[in-house]
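> Submitted below is the structure of interest, expressed as structure tokens.
There are 2 protein chains.
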Amino acid sequence: MPSLPDVEIMTIGDELLYGQVIDTNSAFMGQELAKLGLRVRQITSVSDRADEIVAALDLARQRAQVVLMTGGLGPTKDDLTKHVLARYFGAELVLHHATLEHVEGIFRRFNRPMLDVNRQQALVPANCQVLFNAVGTAPGMWFESQQTVFVSMPGVPHEMKYLMTHEVLPRLQQHFRTPPIEHVVVQTIGLGESFLAQQIEAWEAALPPNVKLAYLPYLGGVRLRLTGHDDGQPNLRARMEALLPSLQELLGEHIFAEGEIKLEEAVGQLLLQRGLTVGTAESCTGGLLAHRLTSVPGSSRYFQGSVIAYSNDIKVRELDVKPETLATHGAVSEATVAEMAEGLRRRLGVDVALATSGIAGPEGGTPEKPVGTICFAYADAHRTVTRQISFDRGRQLNVEYTTTMALNLLRQEVVK
Amino acid sequence: MPSLPDVEIMTIGDELLYGQVIDTNSAFMGQELAKLGLRVRQITSVSDRADEIVAALDLARQRAQVVLMTGGLGPTKDDLTKHVLARYFGAELVLHHATLEHVEGIFRRFNRPMLDVNRQQALVPANCQVLFNAVGTAPGMWFESQQTVFVSMPGVPHEMKYLMTHEVLPRLQQHFRTPPIEHVVVQTIGLGESFLAQQIEAWEAALPPNVKLAYLPYLGGVRLRLTGHDDGQPNLRARMEALLPSLQELLGEHIFAEGEIKLEEAVGQLLLQRGLTVGTAESCTGGLLAHRLTSVPGSSRYFQGSVIAYSNDIKVRELDVKPETLATHGAVSEATVAEMAEGLRRRLGVDVALATSGIAGPEGGTPEKPVGTICFAYADAHRTVTRQISFDRGRQLNVEYTTTMALNLLRQEVVK
Numbered sequence: 001m002p003s004l005p006d007v008e009i010m011t012i013g014d015e016l017l018y019g020q021v022i023d024t025n026s027a028f029m030g031q032e033l034a035k036l037g038l039r040v041r042q043i044t045s046v047s048d049r050a051d052e053i054v055a056a057l058d059l060a061r062q063r064a065q066v067v068l069m070t071g072g073l074g075p076t077k078d079d080l081t082k083h084v085l086a087r088y089f090g091a092e093l094v095l096h097h098a099t100l101e102h103v104e105g106i107f108r109r110f111n112r113p114m115l116d117v118n119r120q121q122a123l124v125p126a127n128c129q130v131l132f133n134a135v136g137t138a139p140g141m142w143f144e145s146q147q148t149v150f151v152s153m154p155g156v157p158h159e160m161k162y163l164m165t166h167e168v169l170p171r172l173q174q175h176f177r178t179p180p181i182e183h184v185v186v187q188t189i190g191l192g193e194s195f196l197a198q199q200i201e202a203w204e205a206a207l208p209p210n211v212k213l214a215y216l217p218y219l220g221g222v223r224l225r226l227t228g229h230d231d232g233q234p235n236l237r238a239r240m241e242a243l244l245p246s247l248q249e250l251l252g253e254h255i256f257a258e259g260e261i262k263l264e265e266a267v268g269q270l271l272l273q274r275g276l277t278v279g280t281a282e283s284c285t286g287g288l289l290a291h292r293l294t295s296v297p298g299s300s301r302y303f304q305g306s307v308i309a310y311s312n313d314i315k316v317r318e319l320d321v322k323p324e325t326l327a328t329h330g331a332v333s334e335a336t337v338a339e340m341a342e343g344l345r346r347r348l349g350v351d352v353a354l355a356t357s358g359i360a361g362p363e364g365g366t367p368e369k370p371v372g373t374i375c376f377a378y379a380d381a382h383r384t385v386t387r388q389i390s391f392d393r394g395r396q397l398n399v400e401y402t403t404t405m406a407l408n409l410l411r412q413e414v415v416k
Numbered sequence: 001m002p003s004l005p006d007v008e009i010m011t012i013g014d015e016l017l018y019g020q021v022i023d024t025n026s027a028f029m030g031q032e033l034a035k036l037g038l039r040v041r042q043i044t045s046v047s048d049r050a051d052e053i054v055a056a057l058d059l060a061r062q063r064a065q066v067v068l069m070t071g072g073l074g075p076t077k078d079d080l081t082k083h084v085l086a087r088y089f090g091a092e093l094v095l096h097h098a099t100l101e102h103v104e105g106i107f108r109r110f111n112r113p114m115l116d117v118n119r120q121q122a123l124v125p126a127n128c129q130v131l132f133n134a135v136g137t138a139p140g141m142w143f144e145s146q147q148t149v150f151v152s153m154p155g156v157p158h159e160m161k162y163l164m165t166h167e168v169l170p171r172l173q174q175h176f177r178t179p180p181i182e183h184v185v186v187q188t189i190g191l192g193e194s195f196l197a198q199q200i201e202a203w204e205a206a207l208p209p210n211v212k213l214a215y216l217p218y219l220g221g222v223r224l225r226l227t228g229h230d231d232g233q234p235n236l237r238a239r240m241e242a243l244l245p246s247l248q249e250l251l252g253e254h255i256f257a258e259g260e261i262k263l264e265e266a267v268g269q270l271l272l273q274r275g276l277t278v279g280t281a282e283s284c285t286g287g288l289l290a291h292r293l294t295s296v297p298g299s300s301r302y303f304q305g306s307v308i309a310y311s312n313d314i315k316v317r318e319l320d321v322k323p324e325t326l327a328t329h330g331a332v333s334e335a336t337v338a339e340m341a342e343g344l345r346r347r348l349g350v351d352v353a354l355a356t357s358g359i360a361g362p363e364g365g366t367p368e369k370p371v372g373t374i375c376f377a378y379a380d381a382h383r384t385v386t387r388q389i390s391f392d393r394g395r396q397l398n399v400e401y402t403t404t405m406a407l408n409l410l411r412q413e414v415v416k
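Which chain is which? The protein sequence lines are A and B, in order. Reminder that position 141 of the first sequence reads as 141 in full-length UniProt numbering, one-by-one numbering, no gaps. Reminder that position 238 of the second sequence reads as 238 in full-length UniProt numbering, one-by-one numbering, no gaps.
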């Protein structure tokens with residue numbers, strides 16, 4: 001069996017060095033490569049200057065046997081990567097007819113005038129294998145040079161993702177005959193990383209030597225990923241899955257799903273299974289709760305609608321919150337979110353409702369209710385459940401965390 | 001005048017290479033360094049292995065005269081940076097008393113037991129200058145070695161930001177005297193990169209030699225960034241800004257702002273200036289439009305509320321869409337979004353309203369209205385304006401693009 005290659009990721013573009021764009025491509029690539037068992041040796045971000053790209057390529061091939069590049073494939077003159085690679089690998093640019101037809105098709109479809117610079121996107125170095133980019137105009141390119149594989153992809157994230165998934169990863173698997181590796185992901189919520197680690201310490205210590213556990217924290221919880229390496233025995237995946245019931249016993253309802261699935265998807269599946277419709281009444285979350293619920297394909301089968309009530313007036317008129325409740329308890333109170341959830345249920349005629357109201361910040365805090373004071377509620381035909389939490393890590397994270405906690409409340413209540 | 005140093009940013013940690021953490025530190029550092037006129041030559045992310053950190057340092061000092069490192073300064077055993085640097089610069093670790101007192105103070109304040117690993121955070125290589133970290137336990141370290149400055153900072157973003165702002169940037173300013181560099185950003189919307197480039201070709205060609213133009217595309221438009229280098233003449237920034245009126249003439253209302261500002265912020269400022277309140281009636285965007293509007297701090301001064309109407313029933317009951325309109329034109333039609341926007345205006349009593357309805361996909365398309373058929377509308381007291389577009393790049397991007405186009409319609413109509 002050939003030894004596994006190290007990979008270097010090279011992201012190209014002055015905008016990365018100026019900090020005007022955050023490099024999210026590398027993290028996606030790193031995750032996907034790790035799933036194949038390939039190690040990323042280094043991530044290198046370089047400018048759009050030809051000499052610096054070449055210098056980085058010379059060094060990368062000394063460190064790694066695979067160099068994955070993104071960026072610099074656009075139609076404008078600061079996009080140099082293709083020309084640099086043609087020179088680097090000593091090839092002419094030639095017209096790739098399938099790409100030209102594809103690009104022409106895109107411009108026809110959108111009824112846009114096709115310029116010469118667009119036509120040039122179908123030029124590729126003669127000695128590369130073209131990786132068809134179904135979702136954009138710049139093709140990917142695969143080069144093999146002295147035992148090293150070089151791949152160039154567009155920097156636009158969804159185009160890079162398409163090419164990684166459909167072209168690059170399968171070809172790497174084939175080229176390097178990567179040994180089988182299995183991943184089992186368990187989604188937990190509501191426990192911090194170190195507390196979680198403590199809870200499952202003995203379970204983790206008893207894992208077989210070929211199974212590794214990784215803690216992948218996110219805002220509100222931790223994903224647990226088991227990576228199983230080939231040990232020559234059959235049924236690796238089944239043996240890994242057999243480890244889960246004892247984990248489930250330790251963590252109970254803190255586990256919301258197995259597999260790469262988002263909380264809003266897990267919630268959607270529960271609602272579908274139970275034939276329940278849902279709606280939201282949102283103040284501080286400003287629509288993010290509805291957005292997360294509706295980001296799931298097919299969510300129209302259970303999601304009906306929402307009322308975003310930023311102003312108190314709308315809370316009263318559209319959600320039937322009692323003015324006395326607002327006067328006595330304030331807009332950010334468990335009493336108010338309870339009435340918001342109940343009001344929404346009645347108004348929209350949905351089975352279950354979520355409501356939120358809080359001080360997201362940076363303004364609006366008071367000594368009694370500082371920024372980060374957040375209330376949310378769940379209501380169904382039988383009961384209303386409310387929560388108050390305190391969480392302040394800035395407006396954006398406060399809102400995100402609140403939506404996660406509200407979705408989790410929905411999940412917990414629906415299964416009761 | 002000494003020549004300008006190039007900077008290399010080095011972020012250290014396996015979690016970056018595995019893609020478990022997105023490197024946002026580099027972008028912050030890149031932005032701040034650009035403001036001082038320092039060029040980032042390369043960003044390098046390396047593992048927690050000592051030999052690989054040393055190899056990266058050896059190469060970095062060949063490329064750059066300043067090497068800024070983050071990460072690997074925590075108290076756990078995979079945090080190696082300090083030990084590697086002590087060896088690299090040939091120094092013993094010595095106790096830094098001010099840091100020890102600071103760390104002890106932090107543990108006292110939070111009433112946490114202080115472990116030996118915490119005490120070790122006050123050890124620093126004898127030949128560094130300690131950069132006091134007021135917001136964390138790991139100090140920054142400044143080394144000078146053979147004309148190169150090496151700085152090590154914690155990887156925790158808010159600690160790195162504190163040290164950059166209060167220690168590193170002022171010291172770099174003092175250490176290197178750098179001529180001014182200026183960035184002017186122009187936000188455009190509604191033109192693709194290549195079409196935009198064609199529109200401003202002559203303008204771009206006539207730019208002074210010390211001013212560079214970069215195209216930074218995003219979903220729905222392009223940010224244009226002018227970078228001006230010192231040419232020995234005064235008023236660089238003013239001369240760059242004098243280039244903008246002719247750009248404005250070429251691009252007209254495709255320019256929505258100057259400077260680093262988001263579309264939703266620009267829209268918010270317009271609404272505030274005109275004293276207008278806003279609300280949204282959303283079908284396909286499912287709350288994202290409201291979320292973007294409310295993501296702006298202080299948006300409660302103009303944003304009132306929304307109705308998310310995924311089901312036709314809610315469109316009729318909560319937004320007064322006529323059943324005949326739905327029956328004749330369908331839910332995804334300019335007629336329906338017009339009634340949604342008008343209905344929301346009346347219901348919520350807002351000055352201006354936006355509405356959306358479309359087939360976000362992946363399901364729900366028909367031969368007449370395929371996935372990506374999207375309608376949106378603007379309504380105020382005097383008129384209703386509708387648009388129909390066709391855009392299909394997957395559910396998530398379809399929804400994002402629709403919100404951007406709807407916000408842009410609001411911007412265009414409000415200024416009329």
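Positions of the beta carbon are idealized from the N, C-alpha and C atoms, including for glycine.
Going by CA-CA distance only, name the one from Ile389(A), Leu397(A), Gly349(A), Glu8(A) that's closest to Leu409(A).
Nearest option by C-alpha distance: Ile389(A).
> What does Asp78(A) reach in chain B if we use C-beta pairs closer than 9 Å?
Within chain B, the residues near Asp78(A) are Lys212, Leu213, Ala214, Tyr215.
> Touching or not, the region 68-76 of chain A and the region 143-163 of chain A, by the rule of three or more beta carbon pairs under 8 Å?
Enough Cβ pairs lie closer than 8 Å, so yes.
> Measuring only the C-alpha atoms, how far is Met1(A) from Leu169(A)?
Low per-residue confidence applies at Met1(A): pLDDT is 41, beneath 50, and the placement is therefore not dependable enough to give any value.
> Please confirm if the region 381-401 of chain A is in contact with the region 280-289 of chain A, defined as three or more CB-CB distances below 8 Å between the two stretches.
Yes, the region 381-401 of chain A is in contact with the region 280-289 of chain A.
> Go ahead and label Thr366(B) buried or exposed: buried means 16 or more other beta carbons lie within 10 angstroms of its beta carbon, across all protein chains shown.
Exposed is the call here.
> Under 8 Å, CB to CB, which of the residues in the region 16-30 of chain A have a partner in chain B?
So the close ones are Leu16, Leu17, Tyr18, Gly19, Gln20, Val21, Ile22, Asp23, Thr24, Ser26, Ala27, Phe28, Met29, Gly30.
> Taking Gly37(B) and Ile181(B) to be in contact with their CB atoms under 8 Å, please state how far apart those CB atoms are, rounded to whole angstroms.
Going by Cβ atoms, the distance from Gly37(B) to Ile181(B) rounds to 4 Å, so yes, they are a contact pair.
> How would you list, in chain order, the residues of chain A whose beta-carbon sits under 8 Å from the beta-carbon of Arg395(B)?
Residues of chain A passing the Cβ test: Ser295, Pro297.
> Whole angstroms is fine: what's the gap from Asp6(B)'s alpha carbon to Ile9(A)'s?
When rounded, the distance between both Cα atoms is 22 Å.
> Tell me whether His382(A) is buried or exposed, calling it buried when 16 or more other Cβ atoms sit within 10 Å of its Cβ.
So His382(A) ends up on the exposed side.
> Specify the secondary structure class of Ile12(A) as computed by DSSP and reduced to three states.
Ile12(A) falls in the strand class under three-state DSSP.
> Under 7 Å between C-beta atoms, does residue 422(A) make it to chain B?
An answer regarding residue 422(A) cannot be provided, because it is not within the stretch 1 to 416 covered by chain A.
> Under a CB-based cut-off of 7 Å, is Pro209(A) close to chain B?
False, the Cβ-Cβ gap to chain B never drops below 7 Å.
> Against chain A, does Ser145(B) count as a neighbour if the rule is that its beta carbon must be under 7 Å from one of theirs?
Judged by the 7 Å Cβ criterion, Ser145(B) is not in contact with chain A.
> DSSP three-state label for Leu131(A), please.
Here Leu131(A) sits in strand by DSSP.
> Do we get a CB-CB distance below 7 Å when we pair Thr44(B) with the residues of chain A?
Chain A contact via Cβ: present.
> What residues match up with Phe89(B) in a beta bridge as DSSP calls it?
Answer by DSSP bridge pairing: none, since Phe89(B) is not bridged.
> Indicate the three-state DSSP secondary structure (helix, strand or coil) for Tyr18(B) in the structure shown.
Looking at Tyr18(B) - three-state DSSP - the assignment turns out to be coil, as it is neither helix nor strand.
> Give, in chain order, every residue of the region 313-336 of chain B whose Cβ lies closer than 9 Å to some Cβ of chain A.
Flagged, chain order: Asp313, Ile314, Lys315, Arg317, Glu318.
> Determine the chain B residues that contact Gly74(A) at a beta-carbon separation under 7 Å, and present them in chain order.
Within chain B, the residues near Gly74(A) are Glu193.
> Below 7 Å on C-beta distance, what does Arg363(B) contact in chain A?
It is Glu, not Arg, that sits at residue 363(B) in the sequence shown. In chain order: Pro297, Gly298.
> In chain A, which residues lie less than 8 Å from Ala238(B) when you measure between Cβ atoms?
Under the 8 Å cutoff, chain A gives no residues; its nearest Cβ is about 22 Å from Ala238(B).
> Does DSSP classify residue 417(B) as helix, strand or coil?
Past the edges of chain B, shown from 1 to 416, lies residue 417(B), and the structure says nothing about it.
> Would Leu93(A) and Ser194(B) be called neighbours here (beta carbons separated by less than 7 Å)?
No, the pair does not count as a contact, with Cβ atoms beyond the cut-off.
> List in chain order: all unbroken beta strand (DSSP E) runs of 3+ residues lying wholly within the region 354-397 of chain B.
The region 354-397 of chain B contains these whole beta strand (DSSP E) runs: 373-379, 384-390.
> With a threshold of 7 Å between beta carbons, is Asn408(B) in contact with chain A?
No, Asn408(B) lies away from the interface with chain A (no Cβ there is under 7 Å from its Cβ).
> What residues in its chain sit with their C-beta under 6 Å from that of Leu276(A), if we drop five residues either side in the sequence?
So the list reads Asp351, Val352, once near-sequence residues are dropped.
> Does chain A have any CB closer than 7 Å to the CB of Met1(B)?
Only weak support is given to the placement of Met1(B): the predicted model assigns it a pLDDT of 40, under 50, and the question is left unresolved by the model.
> For Glu104(B) versus Gly136(B), is the C-beta distance shorter than 7 Å?
Cβ atoms of Glu104(B) and Gly136(B): not closer than 7 Å.
> Tell me which residue opens and which closes the alpha helix (DSSP H) that Gln269(B) is part of.
Looking at the DSSP string, the run of the alpha helix (DSSP H) that includes Gln269(B) is 263-274.
> CB-CB under 6 Å to Leu348(A), same chain, minus the five flanking residues each way: which ones, in chain order?
Cβ neighbours of Leu348(A) beyond the five flanking positions: Gly279, Gln304, Gly305.
> Skipping 5 residues on each side, what residues in its chain have a beta carbon closer than 7 Å to that of Val54(B)?
Val84, Tyr88, listed in sequence order.
> Between the alpha carbons of Gly364(A) and Gln42(B), how many angstroms are there, rounded?
Taking the straight line joining both Cα atoms gives about 42 Å.
> Strictly by DSSP, which residues pair up with Gly228(B)?
Its beta-bridge partners are Glu182(B), Val211(B).
> Across which residues does DSSP place Ala331(B) in a beta bridge pair?
DSSP, once it has assigned bridges, lists no residue as partnering Ala331(B).
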